[in-house]
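Below: the structure, in structure tokens.
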Amino acid sequence: MDYSNRIFKLALLSFSLSATGLIGFDAAAANVSSETQDASNSHRAFPSVTLAEPANGEHAIGLLGANLPAVAAWYGKTTAQFAKMIRQDSSVWLDKQGRVFYVEIQEPSQHSMTEPLTAPETALNQDQTFKLHSRAGAPRTILLDFDGHTTTGTAWNDSYGTPIVSPAYNPYGVPETFTQDELDRIYLMWRQVAEDFAPFNVDVTTEDLTDPDDLAADPIARETSGDQLFGTRVVITQNTFSNCDCGGFAYLKSFNDYGANTNYLKPAFVFNSSVVGAGEAITHEAGHNLGLSHDGQTNGTGYYTGHGSGVTGWAPIMGVGYYQELVQWSMNTYPLANQPQDDISDIQYYGAPLMADDHVDDMSIVDNVTAMTVTANGATDQLDAFGLIHLNSDQDMFKFDAAMGSYSISIQAGDISPNLDIEASLYDSGGALLQTDNAADVLSASLSGSFASAGTYFLMIDGVGKGDPLDTGYPDYGSLGQYIISATVQSTSNLQTPTATIGTSGYTPDFAPTSVSFSSAGSTDDGDIVSYDWLFGDGTGVTTTDPVDDPAHEYLAPGEYIASLTVTDNDGLSDQDSIAVSVLNRAPMAVIAGDPLTGQAALEVTFDSSGSKDDDPQSSISFDWDFGDGASSTEAMPTHLYTTAGDYTATLTVTDNLAASDSVNINISVDAPPFINQVAYGEIFTAGTVSGNYQDSALDSGSSQTITERQSGGKKQNRFSYLTHTWLFSIAAGNLVELHLDASMSVSPDDQMILSYSVDNGANFSDFAALSSGDSNHYSAPLPQGVSGEVRLKIEDSDQSAGNNTSLDSITISNLYIRSETDASLTPPSAPTELNAGVASSSQINLAWMDNSTNEASFNIERSLNATSWTQIQTLPAETTSYNDTGLSADTLFYYRIYASNGAGNSLMSNIDSDSTSPASDFNLSASGYKYKGVKHIELHWQQYQTIDIVLDEVLTESLTGISGAETAGEYYFDLNTGIKGGSSHSVRVCESGTSNCSDTLNIAVFP
215 MDYSNRIFKL
225 ALLSFSLSAT
235 GLIGFDAAAA
245 NVSSETQDAS
255 NSHRAFPSVT
265 LAEPANGEHA
275 IGLLGANLPA
285 VAAWYGKTTA
295 QFAKMIRQDS
305 SVWLDKQGRV
315 FYVEIQEPSQ
325 HSMTEPLTAP
335 ETALNQDQTF
345 KLHSRAGAPR
355 TILLDFDGHT
365 TTGTAWNDSY
375 GTPIVSPAYN
385 PYGVPETFTQ
395 DELDRIYLMW
405 RQVAEDFAPF
415 NVDVTTEDLT
425 DPDDLAADPI
435 ARETSGDQLF
445 GTRVVITQNT
455 FSNCDCGGFA
465 YLKSFNDYGA
475 NTNYLKPAFV
485 FNSSVVGAGE
495 AITHEAGHNL
505 GLSHDGQTNG
515 TGYYTGHGSG
525 VTGWAPIMGV
535 GYYQELVQWS
545 MNTYPLANQP
555 QDDISDIQYY
565 GAPLMADDHV
575 DDMSIVDNVT
585 AMTVTANGAT
595 DQLDAFGLIH
605 LNSDQDMFKF
615 DAAMGSYSIS
625 IQAGDISPNL
635 DIEASLYDSG
645 GALLQTDNAA
655 DVLSASLSGS
665 FASAGTYFLM
675 IDGVGKGDPL
685 DTGYPDYGSL
695 GQYIISATVQ
705 STSNLQTPTA
715 TIGTSGYTPD
725 FAPTSVSFSS
735 AGSTDDGDIV
745 SYDWLFGDGT
755 GVTTTDPVDD
765 PAHEYLAPGE
775 YIASLTVTDN
785 DGLSDQDSIA
795 VSVLNRAPMA
805 VIAGDPLTGQ
815 AALEVTFDSS
825 GSKDDDPQSS
835 ISFDWDFGDG
845 ASSTEAMPTH
855 LYTTAGDYTA
865 TLTVTDNLAA
875 SDSVNINISV
885 DAPPFINQVA
895 YGEIFTAGTV
905 SGNYQDSALD
915 SGSSQTITER
925 QSGGKKQNRF
935 SYLTHTWLFS
945 IAAGNLVELH
955 LDASMSVSPD
965 DQMILSYSVD
975 NGANFSDFAA
985 LSSGDSNHYS
995 APLPQGVSGE
1005 VRLKIEDSDQ
1015 SAGNNTSLDS
1025 ITISNLYIRS
1035 ETDASLTPPS
1045 APTELNAGVA
1055 SSSQINLAWM
1065 DNSTNEASFN
1075 IERSLNATSW
1085 TQIQTLPAET
1095 TSYNDTGLSA
1105 DTLFYYRIYA
1115 SNGAGNSLMS
1125 NIDSDSTSPA
1135 SDFNLSASGY
1145 KYKGVKHIEL
1155 HWQQYQTIDI
1165 VLDEVLTESL
1175 TGISGAETAG
1185 EYYFDLNTGI
1195 KGGSSHSVRV
1205 CESGTSNCSD
1215 TLNIAVFP
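Under the numbering used here, the residues of the sequence shown are numbered 215 to 1222, in order.
Shown next as structure tokens:
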């Protein structure tokens, strides 16, 4: 069928005649985002410049004078680049305010009013001609203004006066009306410009819908940066206000200006009158509004006029397109190119977004490939499709069904100034390339031949280049635009699909390995079945060509399989049938062992599952252990520690890869230990300099803690040295409770270190040892009968009298613990519940829980990064129900669990809860401490926030507003007077006032 007269009527350009309802705009346009990167300069003040007159070349540079760098910078260029552009391109002018506009060369004289016209597809009247839309409803508009325009309030008026009255397009000199020839010329120019902008979501239109009273709905004006409905106007007229003898002029970078001066650098003007001359100039001037400069040459040529000849003779749109038939957007790919500008990218950057891809690029997902429209025509089918190549990386894939026999495929670009050079490639359903066409000297493509078999075929359309762009060719960069496909193939409607039937012979489900014999009996076709493709469902298969070769297959592993048979006939048509095959699964067998199975807590038991097995071939088993105390494991040979006396049943469950399982139990008996050792859970800093912490002094820690006296203030003769430090314990009751430690004192001429304990929360202390100069020994003390709960150990120097400051003595403590004999009547505590973890900052998570026991001696907190590997982080005294975990990494997920302990053992674990610390604070808090007249101060430095709250030791201490005296830009400083004397450490953080946005919590070093 001949599509030459209806090529655009169907959909090639996605054009519409809104007045007559002839709308064919691409539905994909409706899904294209109207958002685009806002490169507008209208929100940035242009330098204050006043020139005596519009000027170009050296004269313009001279008039700019000292303003040259500022104007160059506004246009995104260095001073040298901007000056070079003005010197080398005589068409670059500056108006009286120093803004760049282009004054174009005139069309050549051969483009006369007698030039031949390509007949339009319909004779449009004047009303229809001025309601043409290439993409109605698009968010961007290029208005081709042929019927006259009055320009006021613009940069043009600042240079040439107000108003500028531009008459209607009137090459024949009859102003009263448009002749049919003039209407036809307008239509052809519109078609030409619309094809240039086809890759973009832009409506090229002749209908003026601007409304100065409703800028939000105005398709040209742009009220704000959020207004996504805007564009430009190109006035095609006679030059009545500038004696430039030029083809037109336009300002640079004005398309997406917004605000009060949205139209200040618009419209653009075209003074050429021929279809070629005016049509090329319209796109060219709109290109300037979209930020594009001229494509010239390094030899001084301001406009590149192109190369080659015929329909593939090439020129850049931003050069001169008057002399060549193929005029495209470009990117520095022609001989001696001086313009590195990427036209397609810059057009998007300055306001015109690309169209969305209308067809997939390949056949990787067949269901996503566009099926061509089919029209039955007897023994043949007529196939039609159309599309748009919107980028040089874009390829469009189509699919169609055809019977065996001849085919003919034609792909045509537009019949008026096309930009697309087409390559067409034909593939079979397996992806094998059958045929490609891209004739060297034509833009269309055609394919013909004969299909050897019926089937689904794929047609790929691509925009391509030609030869060497630096000689007489061109790249595929600008080979963009719309096309239409017309094809004739042999119809598949008269072909009969074969019928596949799959069966088995003598099959009953059995254990693996088992053999199954398959049958294709019952498979039929109107012709001949040429292949039988068998898939057995276990990743294997075979192809046969005759029913006598129907296969038998051995299944080596249990499972449910779907076997299938696909038959294909001599027309290439196929059918598939399937059948289920069951191979029975044997359940695995679990075997358990453990050693030892009895003993005292804490009892470590090694479990063994090595006798467990699954007799099925190719099977696997997994292991799940329940140790009977709330703990579990998935290892084959785990080790587990029972920390509490009691009788336990451990269960092993083995599960095979098909979910069959078996379980077995074993009993473990754990006796209570004769005693338990309990270490300190905290300490009280009173006086002295501390090296290490209470955890360093604990039994078997491998380290120690040293406390050194500090010197008092006051008059020199009254000064003295002193030391006081206390450790905190939470202990279980026992028949016998003893305190133990290793201690050594430095050489001292005048002092002793007194060891004492308290069982009434520090109200009273009982001395039990005194260390003299150089003493080093193990010390112990029995505690009162029946003591439990809080116990304190204190070290204090013996002489704090005035004048005793000869030396600063020290004492070192290690292996500190309290031993409680097991109370046979005591039972393990109940497990804590309702554990809740809540983020407090980027370095802290707060914990709270329910205490369900009345006889616990302590609570133990464990932490994990994966809920699998746990580390004990703290021991807390009885009746504690909360804890703040500090010093954590920012933006990290932490898991927690808790158990209670006493002399009889441990409770079960609580529930597991988790939370993530906040991302790292932007406060960048730093802190350091010092003393002034015995009172502790903390110097705080932070960034970002001027109004803050200060939290000292978890108490809101200060609320500060409008802190001044920043040391550096954005950094703030405050000296916090704690009002506290003595020696201790403190936690501190700062928060944005009245919010939970806080810095990390810092722990300030102990003060001497």
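In this text, a Cβ means the ideal position worked out from N, Cα and C, and glycines have one as well. Because the structure is a prediction, the values reported are computed rather than measured.
- When the Cα atoms are used, PRO765 and VAL819 turn out to be separated by approximately 55 Å.
- The three-state reading of DSSP puts SER373 in helix, counting H, G and I together.
- Between ASP843 and LEU1122 a beta carbon distance of about 7 Å is seen, short of the 8 Å cut, so the two are scored as contacting.
- Just measuring C-alpha positions, the residue of GLY1119, THR1106, GLN696 and THR738 sitting nearest LEU817 is GLY1119.
- Under the DSSP definition of a beta bridge, ASN1217 partners with SER1201.
- In the assembly as shown, THR1192 is a buried residue. Its beta-carbon has 16 or more other beta-carbons within 10 Å.
- ILE434 sits in coil when the DSSP states are folded into three classes, being neither helix nor strand.
- Closest by C-alpha distance to LEU597, out of TYR671, SER719 and ASN1217, is TYR671.
- For the pair of segments examined, the region 916-924 was found not to touch the region 1098-1114: the number of CB pairs separated by less than 8 Å stays below three.
- Apart from sequence neighbours up to five positions away, the residues of its chain that approach SER792 with a beta-carbon distance below 6 Å are ILE776 and SER778, ordered along the chain.
- With 16 or more other CB atoms across the displayed protein chains lying within 10 angstroms of its CB, HIS573 is buried.
- Contact between the region 1067-1083 and the region 944-954 is established, with three or more Cβ pairs separated by less than 8 Å.
- MET586 sits in coil when the DSSP states are folded into three classes, being neither helix nor strand.
- In the DSSP assignment, ARG1006 falls outside any alpha helix (DSSP H) and within the unbroken beta strand (DSSP E) covering 1003-1011.
- Annotated as proximal: ALA1104 and SER1057, with beta-carbon spacing under 8 Å.
- When only Cα atoms are considered, PHE1137 and VAL1202 end up about 13 Å apart.
- Secondary structure note for LEU397: its alpha helix (DSSP H) is the uninterrupted segment 394-410.
- C-alpha of SER1044 to C-alpha of GLU1004: approximately 20 Å in a straight line.
- In the structure shown, LYS467 falls within a coil segment according to DSSP collapsed to helix, strand and coil.
- Straight-line measurement puts the Cα of SER1135 at about 6 Å from the Cα of ASP1214.
- Taking one beta carbon from each stretch, the region 677-696 and the region 519-539 have 3 or more pairs nearer than 8 Å; the two touch.
- It is roughly 25 Å from the alpha-carbon of GLN311 to the alpha-carbon of MET532.
- Close CB contacts of THR293 within its chain, under the 7 Å cut and outside five residues either way in sequence, are with LEU282, PRO283 and ALA286 (chain order).
- Setting aside the 5 residues that flank it on each side, PHE344 is surrounded in the same chain by ASP361, THR420 and GLU421, each with a C-beta closer than 7 Å to its C-beta; the list follows chain order.
- Per the DSSP secondary-structure output, ALA638 pairs in a beta bridge with ASP651 and ILE675.
- For PRO283, the secondary structure class from DSSP, reduced to helix, strand or coil, is helix.
- With distances taken between CA atoms, LEU1166 lies nearest to LEU1190 out of LEU1190, GLY387, HIS1155 and ALA668.
- Bridge pairing for CYS1212: CYS1205 [DSSP].
- Per DSSP, TYR563 is one residue of the alpha helix (DSSP H) stretching across 557-563.
- Around the beta-carbon of PRO567, 16 or more other beta-carbon atoms lie within 10 Å, marking it buried.
- Taken atom to atom, the span from the alpha-carbon of VAL781 to that of THR757 is near 10 Å.
- In the three-state scheme derived from DSSP, where H, G and I count as helix and E and B as strand, PRO761 is classed as helix.
- A check of alpha carbon separations from PRO530 across TRP543, TYR537, THR900 and SER305 identifies TRP543 as the nearest.
- C-alpha of MET959 to C-alpha of GLY813: approximately 41 Å in a straight line.
- Pairwise C-beta distances place the region 955-972 in contact with the region 1022-1030, as three or more of them are shorter than 8 Å.
- Its chain contains VAL588, VAL703 and SER705 as the residues whose beta carbon lies nearer than 6 Å to that of ASP595, once the 5 sequence neighbours on both sides are disregarded; these appear in chain order.
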